[in-house]
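Trainee: Read in order, the letters of the sequence shown correspond to residues 9 to 259 in this note's numbering. There's a structure below that I have some questions on.
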Amino acid sequence: MFIDTHCHLSTEDYEDINSILLENRESGISKIIVSGCTRDSIIETLFYCDQYEDVYCTIGYHPSEAGITTEEDLLLLEKQIQNKKVVGIGEIGLDYHYGKEDISLQKELFHKQMKLAEKYHLPVVIHSRDATQDTIDVLKEYPTVKGDIHCFSGSIETAMIYTKMGYFLGIGGVVTFKNSNLFKVIEAIGLSHILLETDAPYLAPEPYRGRINSSKYIPVIASRIAEILCVSVDEVSKKTTQNACTLFDLQ
Ligand code: NI
9 MFIDTHCHLS TEDYEDINSI LLENRESGIS KIIVSGCTRD SIIETLFYCD QYEDVYCTIG
69 YHPSEAGITT EEDLLLLEKQ IQNKKVVGIG EIGLDYHYGK EDISLQKELF HKQMKLAEKY
129 HLPVVIHSRD ATQDTIDVLK EYPTVKGDIH CFSGSIETAM IYTKMGYFLG IGGVVTFKNS
189 NLFKVIEAIG LSHILLETDA PYLAPEPYRG RINSSKYIPV IASRIAEILC VSVDEVSKKT
249 TQNACTLFDL Q
């Protein structure tokens with residue numbers, strides 16, 4: 009059995025949510041953790057958590073929402089995270105890929121949500137793009153908060169910094185791409201700090217690259233990790249499921 013620790017689920021991407029979830033179960037996916045990271049997607053995500061036993065979520069405002077997230081949104085988020093199916097806050101963080109004009113707004117939003125994580129003892133799911141050092145600097149201010157560096161794609165050195173801080177690395181379809189160097193990171197850190205994720209509907213693994221992704225492809229990612237580490241897929245399944253259950257306090 010596997011847990012997809014990070015994906016998105018919306019009728020904007022999938023015609024029939026029911027059949028997507030059925031396919032997941034048939035592929036051995038026992039739980040999925042959906043990330044709701046905009047005002048609308050948080051509401052849609054909470055709806056699926058309510059409808060389906062195997063759907064859990066993390067919610068929080070993505071850095072791209074920094075310019076439009078209001079104090080009211082954050083007050084509502086504080087209420088929403090008290091729902092039992094909410095297992096963490098995210099994806100939150102910093103994204104400088106499209107420029108740094110709103111850097112102070114992004115940092116402010118990130119800090120406010122890290123404070124919520126600290127207050128409610130919830131793990132965080134971090135989105136960090138072209139912003140590694142600033143992300144590390146913010147996380148260091150909250151030493152009691154643990155989390156998942158979603159879609160990790162950094163160096164071995166960066167991986168070591170995060171794992172020493174108690175963070176796990178979310179590994180997804182990118183590890184199957186021929187031009188990816190992620191295998192070196194996995195060789196260096198082993199299974200102890202790895203979580204499986206798809207980031208569906210984005211980033212489908214090979215040989216499905218370019219198509220719409222879904223949690224049913226988690227075993228493809230697990231197979232590649234097993235191959236890199238010369239262990240069985242079963243071992244990858246067991247250890248990553250244990251990691252997910254530890255971080256997100258799942259049974
Ligand atoms: Ni995502």
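Just so you know, even glycine gets a beta-carbon here, dropped at the ideal spot from N, CA and C.
(1) Assess contact between the region 244 to 254 and the region 202 to 210, defined as three or more Cβ pairs (one per stretch) separated by less than 8 Å. Is contact present?
(2) What does DSSP give as the partner residue(s) for residue 64 in the beta ladder?
(3) Would the beta-carbon of residue 141 fall within 8 Å of that of residue 71?
(4) Take residue 117 and list the residues in its own chain whose beta-carbon comes closer than 8 Å to its own, dropping the five residues that flank it on each side.
(5) With the cut-off set at 8 Å, would you say residue 153 and residue 122 are in Cβ contact?
(6) Taking only beta-carbon positions, decide if residue 239 is within less than 8 Å of chain C.
(7) Comparing alpha-carbon positions, which option in 103, 55 and 47 lies nearest residue 84?
(8) State the Cα-Cα distance for the pair residue 192 and residue 42, rounded to the nearest angstrom.
(9) Nearest to residue 213 by CA position, among 51, 186 and 137, is which residue?
(10) What does DSSP give as the partner residue(s) for residue 103 in the beta ladder?
(11) Alpha carbon to alpha carbon, what distance is there between residue 26 and residue 182?
(12) Just to check, is the beta-carbon of residue 207 closer than 7 Å to a non-hydrogen atom of ligand 1?
(13) Within the continuous alpha helix (DSSP H) that includes residue 55, where are the two ends?
(14) Out of 216, 86, 52 and 138, state which residue places its alpha-carbon closest to the alpha-carbon of residue 107.
(15) Looking only at C-alpha atoms, which of 184, 225 and 167 sits nearest to residue 209?
(16) Under the assumption that residue 39 contacts residue 258 (Cβ atoms under 8 Å), give the Cβ distance between them as a whole number of angstroms.
Mentor: In brief:
(1) Cβ pair count under 8 Å is three or more, so yes.
(2) The residue you call residue 64 lines up with position 56 of the sequence shown. Residue 64 is bridged by DSSP to 41.
(3) Here residue 141 refers to the residue found at position 133 when the sequence shown is read from its first residue. Here residue 71 refers to the residue found at position 63 when the sequence shown is read from its first residue. For the pair residue 141 and residue 71, the CB atoms are not nearer than the 8 Å cut-off.
(4) Residue 117 sits at position 109 when you count from the first residue of the sequence shown. Only 69, 71, 73, 74, 77 and 100 meet the Cβ criterion.
(5) Position 145 of the sequence shown, counted from the start, is the residue given in the question as residue 153. Position 114 of the sequence shown, counted from the start, is the residue given in the question as residue 122. Cβ distance < 8 Å, so residue 153 and residue 122 count as in contact.
(6) The displayed structure is made up of one protein chain only, and chain C is not part of it.
(7) Here residue 84 refers to the residue found at position 76 when the sequence shown is read from its first residue. Checked all of 103, 55 and 47; the closest Cα to residue 84 is 47.
(8) Indexing the sequence shown from 1 puts residue 192 at position 184. Indexing the sequence shown from 1 puts residue 42 at position 34. C-alpha separation (whole angstroms): 28 Å.
(9) Locating residue 213 in the sequence shown gives position 205, where the first residue counts as 1. For the residues 51, 186 and 137, the minimum Cα distance to residue 213 belongs to 186.
(10) As a working mapping, residue 103 is identified with position 95 in the sequence shown. Answer is 137.
(11) As a first step, residue 182 must be located in the sequence shown, where it is residue number 174. As a first step, residue 26 must be located in the sequence shown, where it is residue number 18. Distance from the CA atom of residue 182 to the CA atom of residue 26, rounded to whole angstroms, is 27 Å.
(12) Start at 1 with the first residue of the sequence shown, and residue 207 comes out as number 199. Residue 207 has its CB nearer than 7 Å to a heavy atom of ligand 1.
(13) Start at 1 with the first residue of the sequence shown, and residue 55 comes out as number 47. Following the DSSP letters along the chain, one finds residue 55 inside the alpha helix (DSSP H) bounded by residues 47 to 59.
(14) Here residue 107 refers to the residue found at position 99 of the sequence shown. Selected option, being the one with the closest Cα: 138.
(15) On the sequence shown, position 201 is the one that residue 209 refers to. Taking the Cα of residue 209 as reference, the smallest distance to any Cα among 184, 225 and 167 is reached at 225.
(16) Residue mapping note: residue 39 aligns to position 31 of the sequence shown, counting from 1. Residue mapping note: residue 258 aligns to position 250 of the sequence shown, counting from 1. Indeed they touch by this definition, with Cβ atoms about 7 Å apart.
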